[in-house]
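Reading through the C-alpha cells given below for one structure.
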Amino acid sequence: METIEMPQRCWVTEDDIRYFTHTTTPSSMLRATIPPGVYEIMIGAGQWGLKTLTLKAEPLVEDDEGPTFDIFKYIEKFLDPAVEAKFHRNSMIYRRGILLHGKPGTGKTYTIYRLCKLAVERGLIVLYRPNPKGIELLYNYLQATGVTDQKIVVIWEEFDNFVMGDSIDPSMLQLLDGAKTLEGIIYLATTNYIDRIPDNIKLRPSRFQRVVEIGPPNASVREAFLRKRLAVEDHHLIPSLVKWSDGMVLDGVKTLAESVICMDEDIAIVGQTIREHLKLDVFTEPAEEA
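Letter by letter, the sequence shown follows residues -5 to 284 of this note's numbering.
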C-alpha cells in the first residue's frame, strides 16, 4: 500500500472562533503556519483544528491517457499563475469543481490519492470530507493571518452522502456557486452512484465544471497491472487474462487471476461466470489460452 504521511498537527484556539464570528478581535490570535498536508477538520467544544491524515491506496498502474490523466492536466493548468491572473483580471472567482463517477473499483480512490500527493508536493492544503463550515473556518483563518495565496483542495469522497435527502445544506450550494467568494479552491467529489446526485448539482456547470465518468481500465492498463502483480512464471497467462477481463474493474481482473492461477480453475468457465455476474457481454466462443 502506498501512503502519504504528514506528521504535523495544527490547532486553532477558541479566540479564533470568536474572531471568525466577528464578536471580537483578539490581540493574541494564533498565527501558526499550516504546512502542506492532508487534513480532517475537527470542530467542537469551542475549538476547531486540523487533524493530519495518512491516506492509503493500493498502487495501481498509472495511465498516461484517458479521463484520469485529463483530470490531472486540467488541475495543473488551473494552478498555473497565468490562469489565476486571467480569473482575477476578469473579476471571476478563482475556483474549480470536478465530479468523478463510475462503478466501484474503477480507480476513483486512487485518483484521489494521486491528486493529494500532487497537491502536497505543490504546497497545497487538502481537506478530506469537510463540511462547509469547516472550509469557511480554514479559509477565513488563512485570510486573517495574511496567507492570502494558499491554495486548498477539498475532497468529498462518496459525495452522494453529502447531498442525499429532502434538503441540501444551503452552505454547500453557496460554496459550489461561489456565492461565498472563497477563492483558490478545487472541489473534487466522487460517487459510485451518479443517479443519487441531484440534477441541480450535477447539471449546473457553475457548480461542477467537469463531470467525468471513470470507466473500467483498458487492455493496456489491465496488462500492465497483471505484469506488475503476477510472478514471472505466470506471465504466459496474461494475454488470456486480459481478453477475458475485458470490461472488468481491477478487482474483477484480480479475482479472475486468483481463480485461474491459484485455484487452477478453467479460465473459460470462471471467466464466463464472472462476466455473467457482472452483467458483461459473454463471449460466444472461448478465448484461446496462452
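Beta carbons: idealized from backbone N, C-alpha and C, even for Gly.
Remember, predicted model here, so these are calculated numbers, not experimental data.
Rounded distance between the beta-carbons of residue j and residue i, thought under 8 angstroms
i      : j      : result
Gly31  : Val147 : Not quite, the Cβ-Cβ distance comes to about 11 angstroms (not below 8 angstroms), so this is no contact.
Tyr145 : Leu118 : Per the sequence shown, the amino acid found at residue 145 is Lys instead of Tyr. With a Cβ gap of about 5 angstroms, Lys145 and Leu118 count as contacting.
Tyr122 : Tyr33  : 7 angstroms
Val254 : Val264 : 6 angstroms
Thr184 : Ile106 : 7 angstroms
Leu176 : Tyr133 : 5 angstroms
Gly246 : Ile268 : 6 angstroms
Val215 : Lys97  : Not confirmed; about 15 angstroms, so no contact.
Leu44  : Ile28  : 7 angstroms
Leu109 : Ile69  : 7 angstroms
Trp180 : Arg90  : The sequence shown places Ile at residue 180, rather than the Trp named in the question. 5 angstroms between Cβ atoms; contact.
Cross-strand partners of residue i (DSSP beta bridge)
i      : result
Gln41  : Gly38
Val205 : Leu93
Ile146 : Ile119, Ile179
Tyr135 : DSSP output for Tyr135 lists no bridge partner at all.
Coarse secondary structure for residue i, derived from DSSP in three states
i      : result
Ala79  : helix
Thr184 : strand
Gly128 : helix
Tyr104 : helix
Thr18  : Residue placement at Thr18 is poorly supported in this model, since its pLDDT is 34, which falls under 50; the coordinates still yield a value, given next. DSSP places Thr18 in coil when its eight states are reduced to three.
Tyr68  : helix
Val32  : strand
Met86  : coil
Pro210 : coil
Asp163 : coil
Val141 : coil
Arg190 : helix
Pro61  : helix
Asp154 : helix
Asp74  : coil
Leu112 : helix
Leu197 : coil
Asp171 : helix
Validate contact between the region 66 to 86 and the region 218 to 226 using beta carbons, cut 8 angstroms, 3 pairs: no
Ignoring anything shorter than 4 residues, give me the alpha helix (DSSP H) runs that lie fully in the region 214 to 276, in order along the chain. 232 to 238, 244 to 251, 261 to 271
The region 225 to 245 / the region 198 to 207 touching (three or more Cβ pairs under 8 angstroms): no
Report yes or no: do three or more beta-carbon pairs, one from the region 117 to 131 and one from the region 256 to 276, lie closer than 8 angstroms? no
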